[in-house]
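K.L.:
My questions all concern the structure below.
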Amino acid sequence: MADPDDDALELLRTRSGLSIDAEGRFLHRGEPITHRRTLEVLHRSLRLREDGRYEVAIGRERGYVEVVDAPYTVRGVELDPPGGAPTLRLSDGSAEPLDPATLVLGADGALRCRVKGGYRARFTRAGQVTLGLALEEDPPGSGHFILCVNGDRFHIPRE
Numbered sequence: 000m001a002d003p004d005d006d007a008l009e010l011l012r013t014r015s016g017l018s019i020d021a022e023g024r025f026l027h028r029g030e031p032i033t034h035r036r037t038l039e040v041l042h043r044s045l046r047l048r049e050d051g052r053y054e055v056a057i058g059r060e061r062g063y064v065e066v067v068d069a070p071y072t073v074r075g076v077e078l079d080p081p082g083g084a085p086t087l088r089l090s091d092g093s094a095e096p097l098d099p100a101t102l103v104l105g106a107d108g109a110l111r112c113r114v115k116g117g118y119r120a121r122f123t124r125a126g127q128v129t130l131g132l133a134l135e136e137d138p139p140g141s142g143h144f145i146l147c148v149n150g151d152r153f154h155i156p157r158e
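In numbering that gives the first Met the number 0, the protein residues as written are 0 to 158.
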C-alpha cells in the first residue's frame, strides 16, 4: 500500500505549474519566469527521469516540468570558423558545438538537434536563419539539405 505522504508529495510534484514552451521559455502557471538566477537554477537542475518526464530538483524539493517540444532551444549560432563546427547558443545561456549528425528537420519546418549529452533542442527562428547560411540544398530544388563541417557532408533527415 502506498504511503499517504508519498502520494501527497507526488501530487505536489505533478502540480508544480512549471513548463517549457516551444520557444524554450520556462513558465510558471503560464507566466514567463524572468528572474535570471531563478532561471539559472531551473536550467541547471533540469533532468529527464527514467519514466520520460522532466523534473527539476532543488535541494530536497522536486517538481515535474511539462515540456511542449524540447527542453532547450537554440537561440543563436556562431559559424566561425567557416566550414568548422558551428557553436550553438542555448536557451540556458550555455554554448556548445553542434553535433551535425544529430540534426533533423521537423514536419513543422524547424530544425532540431541533440545537446547536453542527448537532450532534444529546437532551433528558434534566429538560430535557424543563422545556421541556414551554412546549409546547401542538395540537389538544388529538392528540399533536401546538407551541412558541410570540416570537409564532411551531413545530410539532414526529416523527422
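Even glycine gets a Cβ: it sits at the ideal position worked out from N, Cα and C.
In whole angstroms, what separates the C-alpha of Leu110 from that of Asp79?
P.N.:
20 angstroms
K.L.:
Measure the beta-carbon distance from Thr123 to Glu39 and round it to whole angstroms, keeping in mind my assumption that it falls under 8 angstroms.
P.N.:
Their Cβ separation, rounded to whole angstroms, is 19 angstroms, which puts Thr123 and Glu39 out of contact at 8 angstroms.
K.L.:
Going straight from the alpha carbon of Pro138 to that of Asn149, what length do you get?
P.N.:
So the alpha carbons of these two residues sit roughly 20 angstroms apart.
K.L.:
What are the boundary residues of the beta strand (DSSP E) that includes Gly75?
P.N.:
In the DSSP assignment, Gly75 falls within the beta strand (DSSP E) that extends over Tyr71 to Glu77.
K.L.:
Assign Ile57 to one of two classes, buried (16 or more other C-beta atoms within 10 Å of its C-beta) or exposed (fewer than that).
P.N.:
exposed
K.L.:
With the cut-off set at 8 angstroms, would you say Ala94 and Leu102 are in Cβ contact?
P.N.:
no
K.L.:
Looking at the structure shown, is Ala125 part of a helix, part of a strand, or coil, going by DSSP?
P.N.:
helix
K.L.:
Taking the alpha helix (DSSP H) that His42 falls in, what are its first and last residues?
P.N.:
Arg35 to Ser44
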